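Step one of this worksheet: look at the structure below.
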Amino acid sequence: MLTETPPNDPFLRYLRTLLPSYGRSASAELTRLTVSENHTYRVDDGDARLVLRVHRAGYHTREEILSELDWVSDLHSDATLHTAKPLARSDGERLSSVEHDGTRHWVSAFSFLEGEEPVVGSHLVERFEELGAINARLHAHVKSWQRPEQFARKRWDFDLMFGASPIWGDWRAAFSDKADIDLLETLENSLRERLATFGEGPERFGLIHGDLRVANLLDDGKRLAVIDFDDCGFGWFAYDFAAAISFHEEDEAIPALQAAWLRGYRGIAPFDAEDEAILPTMIMARRLLLTAWLASRTGNDTDAVYGRGFADGTVRLARAHLG
Numbered sequence: 000m001l002t003e004t005p006p007n008d009p010f011l012r013y014l015r016t017l018l019p020s021y022g023r024s025a026s027a028e029l030t031r032l033t034v035s036e037n038h039t040y041r042v043d044d045g046d047a048r049l050v051l052r053v054h055r056a057g058y059h060t061r062e063e064i065l066s067e068l069d070w071v072s073d074l075h076s077d078a079t080l081h082t083a084k085p086l087a088r089s090d091g092e093r094l095s096s097v098e099h100d101g102t103r104h105w106v107s108a109f110s111f112l113e114g115e116e117p118v119v120g121s122h123l124v125e126r127f128e129e130l131g132a133i134n135a136r137l138h139a140h141v142k143s144w145q146r147p148e149q150f151a152r153k154r155w156d157f158d159l160m161f162g163a164s165p166i167w168g169d170w171r172a173a174f175s176d177k178a179d180i181d182l183l184e185t186l187e188n189s190l191r192e193r194l195a196t197f198g199e200g201p202e203r204f205g206l207i208h209g210d211l212r213v214a215n216l217l218d219d220g221k222r223l224a225v226i227d228f229d230d231c232g233f234g235w236f237a238y239d240f241a242a243a244i245s246f247h248e249e250d251e252a253i254p255a256l257q258a259a260w261l262r263g264y265r266g267i268a269p270f271d272a273e274d275e276a277i278l279p280t281m282i283m284a285r286r287l288l289l290t291a292w293l294a295s296r297t298g299n300d301t302d303a304v305y306g307r308g309f310a311d312g313t314v315r316l317a318r319a320h321l322g
């Protein structure tokens with residue numbers, strides 16, 4: 000998604016000085032794509048394109064970002080799925096850094112992929128079957144991949160999402176009505192119990208994309224590409240479906256999309272009845288997590304689209320889930 004690039008964008012001047020290290024002209028066109036957790040820019044230098052990502056300060060360590068790049072590089076090299084290739088500078092370094100307001104931001108680069116974000120709806124059924132197959136291949140890769148010794152990514156378990164120091168903030172910040180908070184606390188307790196019972200065995204829990212939603216897919220009319228592994232980490236494999244329908248959990252097409260995703264997945268790898276039964280729990284965990292995220296990150300592109308109505312939808316979904 001292209002957005003207007005303001006002339007006072009704090010990163011533009013630095014990014015221009017960085018372009019020659021990627022074999023691009025410092026006068027190449029820079030267009031801001033998104034502002035969310037990260038700032039993402041497209042570089043157009045004649046027919047040559049790449050994408051630069053300025054990472055949110057303090058969210059990931061240098062080691063965590065390099066671990067993401069390790070995984071994506073391996074996925075790209077063995078063609079497990081269609082994804083952008085992480086790019087190194089001419090000196091071989093894969094990360095640069097920029098100081099803004101006294102804070103360091105890491106910068107990474109990727110090859111540019113053609114395509115548009117799919118639109119959620121019943122016509123997406125065919126694409127969700129393909130997405131299920133992509134997830135199955137991704138999870139199979141994880142189970143056989145020998146991770147680098149220094150590999151480090153976050154663990155997306157209940158404690159990280161909803162524990163004493165939740166990574167995306169407290170969902171309660173989105174609500175003022177006590178009845179809504181009481182309902183969602185009941186939901187949270189239910190999620191804790193259900194996930195603990197489901198467990199974290201290696202057949203259910205491992206390295207996942209963690210944010211494999213429609214906004215992180217590109218459709219070029221022939222196949223789906225997967226982008227933005229910024230939230231990859233260790234979590235439940237079934238969670239990747241919940242991420243796929245992020246922000247659209249109330250859409251009437253979801254049952255058909257879930258059925259299509261399962262067909263695609265099971266065409267590649269097993270996804271048993273217990274895995275399928277946990278999907279509503281994963282969907283609600285993801286929804287509650289996103290509610291916290293929106294409440295703590297007002298002013299970004301996603302908040303501008305969903306706003307207050309999203310929290311109201313979370314209450315409706317929780318009520319239906321709990322019966």
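So in numbering that gives the first Met the number 0, spot 66 of the sequence shown is number 65, and the numbers just go up one at a time.
For every residue, glycine included, the Cβ atom is placed at its ideal position computed from N, Cα and C.
Being a predicted model, the structure only gives us computed values, none of them experimental.
With distances taken Cα to Cα, identify the nearest neighbour of residue i among the options.
| i | options | result |
| --- | --- | --- |
| Leu287 | Val225, Trp167, Ala178, Glu192 | Trp167 |
| Leu289 | Gly114, Arg55, Phe161, Thr82 | Phe161 |
| Arg61 | Arg152, Ala284, Gly45, Ser26 | Arg152 |
| Leu356 | Glu187, Glu92, His81 | Residue 356 lies beyond the residue range present for the chain, which begins at 0 and ends at 322; the question has no answer from this structure. |
| His140 | Arg222, Leu159, Phe150, Val71 | Val71 |
| Phe197 | Arg212, Thr280, Thr79, Asp218 | Thr280 |
| Leu223 | Trp105, Glu116, Ala291 | Glu116 |
| Thr39 | Leu29, Gly45, Asp46 | Leu29 |
| Arg193 | Gly101, Ile277, Asp179, Gly308 | Ile277 |
| Glu125 | Asp271, Ser107, Ile253 | Ile253 |
| Asp210 | Pro201, Gly234, Pro269 | Gly234 |
| Lys142 | Pro201, Asn215, Ala214 | Pro201 |
| Ala173 | Ala291, Ala163, Ala214, Asp271 | Ala291 |
| Arg307 | Val106, Glu184, Ala272, Ser175 | Ser175 |
Can you check whether the CB of residue j is closer than 8 Å to the CB of residue i?
| i | j | result |
| --- | --- | --- |
| Gly220 | Glu129 | no |
| Leu74 | Ser110 | no |
| Arg41 | Leu32 | yes |
| Leu256 | Leu159 | no |
| Leu112 | Leu217 | yes |
| Trp144 | Ala294 | no |
| Trp155 | Tyr238 | yes |
| Tyr21 | Ala108 | yes |
Please work out which residues of its chain come closer than 8 Å, Cβ to Cβ, to residue i, disregarding the five sequence neighbours upstream and downstream, and give them in chain order.
| i | result |
| --- | --- |
| Phe236 | Asn134, His138, Arg203, Phe204, Gly205, Ile207, Asp274 |
| Arg315 | Glu249 |
| Trp260 | Phe127, Glu128, Leu130, Gly131, Asn134, Phe240, Ala243 |
| Arg318 | Leu182 |
| Leu186 | Met283, Leu287, Ala317, His320, Leu321 |
| Arg212 | Ala242, Ala243, Ile244, Ser245, Phe246 |
| Leu190 | Phe157, Phe161, Thr280, Met283, Ala284, Leu287 |
| Ala195 | Phe157 |
| Asp44 | Leu18, Arg23, Ser24, Ala27, Glu28 |
Identify the continuous alpha helix (DSSP H) that holds residue i and give its terminal residues.
| i | result |
| --- | --- |
| Val118 | Here Val118 belongs to no alpha helix (DSSP H), and DSSP marks it neither H nor E. |
| Arg380 | What the structure shows of the chain is the stretch from 0 to 322, and residue 380 is not part of that stretch, so it cannot be assessed. |
| Ser189 | 177-197 |
| Glu98 | Here Glu98 belongs to no alpha helix (DSSP H); instead the beta strand (DSSP E) covers 95-99. |
| Trp105 | Premise fails: Trp105 lies in the beta strand (DSSP E), 102-110, not in any alpha helix (DSSP H). |
| Ala259 | 253-265 |
Ordered along the chain, which non-local residues of its own chain (more than five positions away) have a Cβ less than 7 Å from that of residue i?
| i | result |
| --- | --- |
| Pro9 | His99 |
| Asn299 | Unreliable placement is indicated for Asn299, whose pLDDT of 49 sits below 50; no coordinate value is reported for it. |
| Asn37 | Arg52, Val53, His54, Arg55, Asp229 |
| Pro19 | Ala25 |
| Gln149 | Glu62 |
| Val136 | Note on identity: in this sequence residue 136 is Arg, with Val being the wrong assignment. The answer, listed in chain order, is Thr79, Leu80, Ile267. |
| Asp311 | none |
| Ala47 | Arg23 |
| Asn7 | none |
Where does the unbroken beta strand (DSSP E) through residue i begin, and where does it stop?
| i | result |
| --- | --- |
| Ile207 | 204-207 |
| Gly234 | 232-235 |
| Arg23 | Neither: Arg23 is in no beta strand (DSSP E) and is coded neither H nor E. |
| Asp44 | 38-44 |
| Leu51 | 47-53 |
| Val141 | Note, Val141: premise wrong, no beta strand (DSSP E); alpha helix (DSSP H) at 124-143. |
By Cβ distance, which residues of its chain are closer than 6 Å to residue i, with the 5 residues on each side in sequence left out?
| i | result |
| --- | --- |
| Leu68 | Pro85, Arg93 |
| Thr323 | Lying before the first or after the last residue shown, residue 323 is absent from the chain, which here runs from 0 to 322. |
| Asn215 | Ile226, Asp227 |
Confirm the yes/no value for this check: CB of residue i, any heavy atom of the ligand SAM, distance under 7 Å.
| i | result |
| --- | --- |
| Glu199 | Among the components modelled here there is no ligand, and therefore nothing to report on the ligand SAM. |
So is residue i in contact with chain C if we call contact Cβ pairs under 8 Å?
| i | result |
| --- | --- |
| His320 | Among the protein chains of the structure shown there is no chain C, as only one such chain exists. |
- Query: Hey, is the segment 90-103 in contact with the segment 226-233, meaning 3+ C-beta pairs nearer than 8 Å?
  - Reply: no
- Query: Counting pairs of Cβ atoms below 8 Å between the segment 11-28 and the segment 37-51, do you hit three or more?
  - Reply: yes
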